[in-house]
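First residue of the sequence shown? That's 3 in our numbering, and the numbers climb one at a time after it.
Below is one structure; the comments refer to it alone.
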Amino acid sequence: MAGSSPEERRALRGAVAELMTKRSPDDDAWSELAAMGLLGLLVPEQYGGAGAGLVEVGVVAEELGRVLFSGPYLSTAVLAVNLLMAVDDPAQHEAVLPAIAAGRTRVAVAFAESDSTRPPAIPATTARDGLVSGEKRFVLDADTADLLYVLADSEDGPGIFAVDPAGPGVTVEPLTTVDPSRRLCLVRLADAPATAVGSAAAGVAALNSALDRSAVALLGEQAGAARFAMEMARDYAKTRFQFGRAIGSFQAVKHMCADMLLEAESAVTAARHVAAAGADGSADWTADLALAQAYCSDAFVFVGATNIQVHGGIGFTWEHPAHRYLRRARSDAHLFGSPSWHRERYLQEIGA
3 MAGSSPEERR ALRGAVAELM TKRSPDDDAW SELAAMGLLG LLVPEQYGGA GAGLVEVGVV
63 AEELGRVLFS GPYLSTAVLA VNLLMAVDDP AQHEAVLPAI AAGRTRVAVA FAESDSTRPP
123 AIPATTARDG LVSGEKRFVL DADTADLLYV LADSEDGPGI FAVDPAGPGV TVEPLTTVDP
183 SRRLCLVRLA DAPATAVGSA AAGVAALNSA LDRSAVALLG EQAGAARFAM EMARDYAKTR
243 FQFGRAIGSF QAVKHMCADM LLEAESAVTA ARHVAAAGAD GSADWTADLA LAQAYCSDAF
303 VFVGATNIQV HGGIGFTWEH PAHRYLRRAR SDAHLFGSPS WHRERYLQEI GA
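Next up, the structure:
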């Protein structure tokens, strides 16, 4: 599917949208995603995947974002695959990539420590004599993972290590966060048996590269979810009557809907631009990516909050789905770094 045509991308979008309308976002649709080839979208063809690129992943991510899909797609099919492709380890490629594409293996990547959601330059987690010890926070989907890739400092430098989450010395504790649909976990490692993946000295660089490429999917999710929340508010404003007229006819509500439209469509444009620029190898890609990550995070939060305002009292209830979009927006805004971190990176990238 690499270098797919617009027609192929439209067909892909339609197929994912159709699947998501058939299944609840909380259902386990993993086998169906695998059967459609979506889990192996980024996996090279030699390992049973589609060999697609960032644009195609962005298309899928938008549709998953619209329904707030809660499965480990971002952690396994995107981040783990990107990490594996960034490290030189043929044995891991052969063992793990086909299993991901077939839906047999779910993988979580553990890198964050302390209060930061970015990889530390020198991890406090250590790897010695084939054993890893330390604590990782905000590990996406670790509670359902069959395999963990852990960033740890070794005698040769920070590297990536494969750990069995069900093995000795590993404790996985789900964290209570604002967004229950985005499962984050605390992972404690106490002399857990581990296997080095790739070169130890290249661990941080490989992980940062994987996070950049995986951010394209996160942007797609944010953009797709923001657009759906905007549409939710628009439809409600058309059908909710007050004082004998649709609330969408009131100037204040019109202004809110117009602002939501601007932010949501701008987020979609930014996400798609970054995906295309990354696929083309644009020299300014990392700067565009940093700015888009900051913008899409803020735009999704704004649209999610304004959607609740348009709905009024019902929007604040647990029974209405509006609050779920604001919760996801708050969670996504810090998943791969805060908006302020991305703005600082943008300034560094442009030499300001």
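Glycine is no exception: its CB is placed at the ideal position from the N, C-alpha and C atoms.
- Task: Provide the residue(s) that pair with residue 179 in DSSP beta bridges, ordered along the chain.
- Result: According to DSSP, residue pairing for residue 179 in a beta bridge does not occur.
- Task: At 4 residues or longer, and completely inside the stretch 18-44: list those alpha helix (DSSP H) runs for me, N to C.
- Result: 32-37
- Identify whether residue 115 lies in helix, strand or coil by the three-state DSSP scheme. DSSP, read as helix, strand or coil, puts residue 115 in coil.
- Task: Sort 339, 48, 97 by Cα distance to residue 113 and report the nearest one.
- Result: Taking only the C-alpha atoms, the option nearest residue 113 is 339.
- Nonlocal neighbours in the same chain, by C-beta distance under 6 Å from residue 250, ignoring five residues either side: 239, 240
- Task: Could you tell me the boundaries of the beta strand (DSSP E) in which residue 134 lies?
- Result: 133-142
- With DSSP collapsed to three states, give me the class of residue 339. Residue state, collapsed to three classes: strand.
- Message: Using a Cβ-Cβ cutoff of less than 8 Å, which residues in the same chain neighbour residue 34 once the five nearest sequence positions on both sides are dropped?
- Response: Hits under 8 Å: 21, 25.
- Sequence-distant residues of its chain with Cβ nearer than 7 Å to residue 192 (five each side left out): 135, 171
- Task: Could you tell me the distance, in whole angstroms, from the CA atom of residue 335 to the CA atom of residue 300?
- Result: About 7 Å.
- Query: Thinking C-beta only, is residue 99 closer than 8 Å to residue 51?
  - Reply: yes
- For residue 310, collect the residues of the same chain with a Cβ closer than 8 Å to its Cβ; drop the 5 residues on either side in sequence, then sort them by chain order. 317, 318, 324, 325, 328
- Item | Any C-beta of chain D under 8 Å from that of residue 251 | In summary, chain D is missing from the structure at hand, where a single protein chain is found.
- In this structure, does DSSP put residue 163 in helix, strand or coil? In this structure, residue 163 counts as strand in the three-state DSSP scheme.
- Where do the ends of the alpha helix (DSSP H) carrying residue 251 lie? No alpha helix (DSSP H) contains residue 251, which DSSP labels as neither H nor E.
- Item | Secondary structure of residue 70, DSSP reduced to three states | coil
- Query: Identify the residues that DSSP records as bridge partners of residue 224: which are they?
  - Reply: Paired residues: none, contrary to the question.
- Message: At the level of alpha carbons, what is the spacing between residue 102 and residue 147?
- Response: Cα to Cα, residue 102 sits roughly 11 Å from residue 147.
- Message: Give me the residue from 74, 69, 60 with the minimum Cα distance to residue 36.
- Response: The shortest C-alpha separation from residue 36 is found at 74.
- With a threshold of 16 other CB atoms inside 10 Å of the CB of residue 320, please say whether the residue is buried or exposed. exposed
- Coil, strand or helix - residue 156 by DSSP: strand
- Anyone know if the C-beta pair for residue 65 and residue 111 falls short of 8 Å? no
- Task: Quick one: using the 10 Å Cβ neighbour count with 16 as the cut-off for buried, is residue 342 buried or exposed?
- Result: exposed
- Item | Sequence ranges, alpha helix (DSSP H) only - wholly within the stretch 252-338, length at least 4 | 253-282, 287-313, 324-334
- Under 8 Å, do residue 220 and residue 162 count as touching if we go by C-beta distance? no
- Query: On the premise that residue 225 lies in contact with residue 273, defined as a C-beta separation below 8 Å, what is that separation, rounded to the nearest angstrom?
  - Reply: 4 Å
- Through-space distance from residue 39 to residue 68, alpha-carbon basis: 20 Å
- Can you tell me where the alpha helix (DSSP H) with residue 2 in it begins and where it stops? A question about residue 2 goes unanswered here, because the residues of the chain that appear run from 3 up to 354.
- Task: Would you mind stating whether residue 153 and residue 125 have Cβ atoms separated by less than 8 Å?
- Result: Yes, they are a contact pair.
- Query: For residue 156, which of 203, 223, 243, 288 has the nearest alpha-carbon?
  - Reply: 203
- Query: If you draw a straight line from the alpha carbon of residue 59 to that of residue 280, how long is it in whole angstroms?
  - Reply: 12 Å
- Starting from residue 195, follow the beta strand (DSSP E) in both directions and report where the run begins and ends. Here the beta strand (DSSP E) through residue 195 covers 186-199.
- Name the two residues that bound the continuous alpha helix (DSSP H) containing residue 103. 92-103
- If you compare alpha carbons, which of 115, 291, 315 is closest to residue 189? 115
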